[in-house]
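Step one of this worksheet: look at the structure below.
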Amino acid sequence: MGELFKDLRFMALRSIDKTKASRVISEPALRKEYNFTYFCKLSENQYAVTDLYREGQVAECAPYRLQKSRSYDYSTAIPQCNIQYTELEHSSIHLHAADRFTKKPKGELLSAMKSWLSEKEDLFEKLHGTYVMLQKEHKNIFLLPISLKINLEYQGIDDPVTRINYQSAILTNAFKSLITKISSRSDYETFIHYSRIILLDNHQQPFLHAVLYYKDPDISDFYIRDLTRIWCEAADKAMQENSYDIIAQNSDEEDDVSVEVNYVYFDTPFSSMLNDDEEGEWEDGRHYDVNDRRFSFEVSTTPLYSAFNYLYHKYIIVPLSKRPRGGNNSLSRRIDLQIARFSEADSYFSEAELKRWMKGIKQEQNYHIDYLERVAKQYVKIPNLNNLSQGVFTYKK
Numbered sequence: 000m001g002e003l004f005k006d007l008r009f010m011a012l013r014s015i016d017k018t019k020a021s022r023v024i025s026e027p028a029l030r031k032e033y034n035f036t037y038f039c040k041l042s043e044n045q046y047a048v049t050d051l052y053r054e055g056q057v058a059e060c061a062p063y064r065l066q067k068s069r070s071y072d073y074s075t076a077i078p079q080c081n082i083q084y085t086e087l088e089h090s091s092i093h094l095h096a097a098d099r100f101t102k103k104p105k106g107e108l109l110s111a112m113k114s115w116l117s118e119k120e121d122l123f124e125k126l127h128g129t130y131v132m133l134q135k136e137h138k139n140i141f142l143l144p145i146s147l148k149i150n151l152e153y154q155g156i157d158d159p160v161t162r163i164n165y166q167s168a169i170l171t172n173a174f175k176s177l178i179t180k181i182s183s184r185s186d187y188e189t190f191i192h193y194s195r196i197i198l199l200d201n202h203q204q205p206f207l208h209a210v211l212y213y214k215d216p217d218i219s220d221f222y223i224r225d226l227t228r229i230w231c232e233a234a235d236k237a238m239q240e241n242s243y244d245i246i247a248q249n250s251d252e253e254d255d256v257s258v259e260v261n262y263v264y265f266d267t268p269f270s271s272m273l274n275d276d277e278e279g280e281w282e283d284g285r286h287y288d289v290n291d292r293r294f295s296f297e298v299s300t301t302p303l304y305s306a307f308n309y310l311y312h313k314y315i316i317v318p319l320s321k322r323p324r325g326g327n328n329s330l331s332r333r334i335d336l337q338i339a340r341f342s343e344a345d346s347y348f349s350e351a352e353l354k355r356w357m358k359g360i361k362q363e364q365n366y367h368i369d370y371l372e373r374v375a376k377q378y379v380k381i382p383n384l385n386n387l388s389q390g391v392f393t394y395k396k
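Per numbering that gives the first Met the number 0: the sequence shown = residues 0 to 396.
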């Protein structure tokens, strides 16, 4: 585990961190990789949502602020309810843009961060164990990481845990319907296993991320198109079956449900399916079921090196009206831009090492493991929720 999460070593959250080289990584660099959300238990079945990185900033700058008052151009204000571990307790404090998290946390914050990291380590071990098992059984395996969202609105639900759990129930039920449908179809014979994880975006909205394992490297975006259309109908079914105070947030009054789909690619995106009977609807971001109900969707792609990075501008495939126009969107061009923006001070890579790594990305073991660590960095243990489930595809000839 020594090499995992090594960009957090300066926080000394594990015993092994004391024996390894470390450096302070900047907040922007860390936020590209990690979700720092944490659920602080206040009492039985009552939690507050906090951001552990900001807690660390507050803990580090608060004593200085109390000793020496001066004028600042405050850039960030932490809501009162988010401060749980600092000596200020429920008092609010403003953060300056220059405030950093550079030291080992103490007290309750240290305990919380150790728990937060341990949960990520546990998830990685589970995902890695599944990967090793499948690799031994099938030798050459390939990954299709795909995020599935339903645009939802909630009404009258103030408690964040309750809201997240209700929304997650809809996502989970929709995914069960999707898996049931594709497991019985011969088109999916190449798929062998899946891992399903509920993650939170940067607005604490839950979404479903699935790691689909398959055997045949020669596949097109047929599966992206098919899974998107199935997800529209599965989401609609789950919404109707769950009578919560949560409703679909439609992009158009004529649409029944609006969804978003994003998939991570390694070396290149999937080639386009050229014989799609619903090509027109696909390009418009629309799907019609057998009852002529209309659904809308947005599909995007993300290269491995930017997976889960909310500062990265996703590349929208459909609808065409949202697709970026002009400019060079080739993978090599985007890699060159990433390298040009790279800072050795915020990484354990040198620029030369990063360049070799990025230009060598393929569907192979070391990059698969890197991706699984990226998933684990985003993982947040949500109270009263089973974030992870795994299963095999049961299709047989």
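By construction, the Cβ of each residue, glycine as well, lies at the ideal position given by its N, Cα and C atoms.
The alpha helix (DSSP H) runs lying completely inside the segment 98-170 and spanning 4 residues or more are 106-137, given in chain order. The three-state reading of DSSP puts residue 261 in strand, counting E and B together. For residue 315, there is no enclosing alpha helix (DSSP H); the enclosing beta strand (DSSP E) has its first and last residue at 314-317. In the structure shown, residue 276 falls within a coil segment according to DSSP collapsed to helix, strand and coil.
With 16 or more other Cβ atoms inside 10 Å of its own Cβ, residue 205 counts as buried.
Leaving aside the five residues that flank residue 113 on each side, the residues in its chain whose CB is nearer than 6 Å to its CB run, in chain order, 12. Take the alpha-carbon of residue 23 and the one of residue 49: they are about 22 Å apart.
Nearest to residue 375 by C-alpha distance, out of 231, 126, 344 and 47, is 126. Residue environment analysis places residue 44 among the exposed positions, since fewer than 16 neighbouring C-beta atoms fall within 10 angstroms of its C-beta. In this structure, residue 223 lies away from residue 177, with their beta-carbon atoms at least 8 Å apart. Less than 8 Å divides the Cβ of residue 261 from the Cβ of residue 299. If you draw a 10 Å sphere on the C-beta of residue 117, you find fewer than 16 other C-beta atoms in it, and that means exposed. Residue 240 and residue 16 have their C-alpha atoms spaced approximately 48 Å apart. For a cut-off of 8 Å, the C-beta gap from residue 172 to residue 383 is around 16 Å, too long to register as a contact. Residue environment for residue 263: buried (at least 16 other C-beta atoms within 10 angstroms of its C-beta).
Annotated three-state conformation of residue 55 is helix, per DSSP. Approximately 7 Å separates the beta-carbon atoms of residue 346 and residue 353; this is inside 8 Å, confirming the contact.
When DSSP states are grouped into helix, strand and coil, residue 210 belongs to the strand group.
Shortest Cα-Cα distance from residue 193 to any of 182, 270, 201 and 212 involves 212. Positions of the beta strand (DSSP E) runs, each at least 3 residues long and wholly inside the segment 365-394, are given as 387-391 in order along the chain.
A direct Cα-to-Cα measurement between residue 129 and residue 388 gives close to 11 Å. Counting only residues of its own chain and dropping the five nearest sequence neighbours on each side, residue 284 has a CB closer than 7 Å to the CB of 295, 296, 297, 317 and 318. Counted as a single uninterrupted DSSP element, the beta strand (DSSP E) harbouring residue 45 occupies residues 45-50. In this chain, residue 216 is not harboured by any beta strand (DSSP E), its DSSP state being neither H nor E. Straight through space, the alpha carbons of residue 234 and residue 277 are spaced by roughly 20 Å.
When secondary structure is reduced to three states using DSSP, residue 15 falls in the helix class. Residue environment for residue 101: exposed (fewer than 16 other C-beta atoms within 10 angstroms of its C-beta). When secondary structure is reduced to three states using DSSP, residue 300 falls in the strand class.
Note on residue 106: under 16 other CB atoms within 10 angstroms of its CB, so exposed under the neighbour-count rule.
The shortest C-alpha to C-alpha distance from residue 392 to any of 8, 166, 186 and 158 is the one to 186.
Each residue's CA atom was taken as its position, placing residue 214 and residue 379 some 30 Å apart. Annotation: the continuous beta strand (DSSP E) that includes residue 40 extends over 36-42.
The beta-bridge partner set that DSSP reports for residue 202 is empty. Sixteen is the threshold: since fewer than 16 other Cβ atoms of the shown chains lie within 10 Å of the Cβ of residue 132, the residue is exposed. Exposure of residue 291 is indicated by the presence of fewer than 16 other C-beta atoms within 10 angstroms of its C-beta. In terms of CA proximity to residue 53, 29 leads the group 29, 42 and 41.
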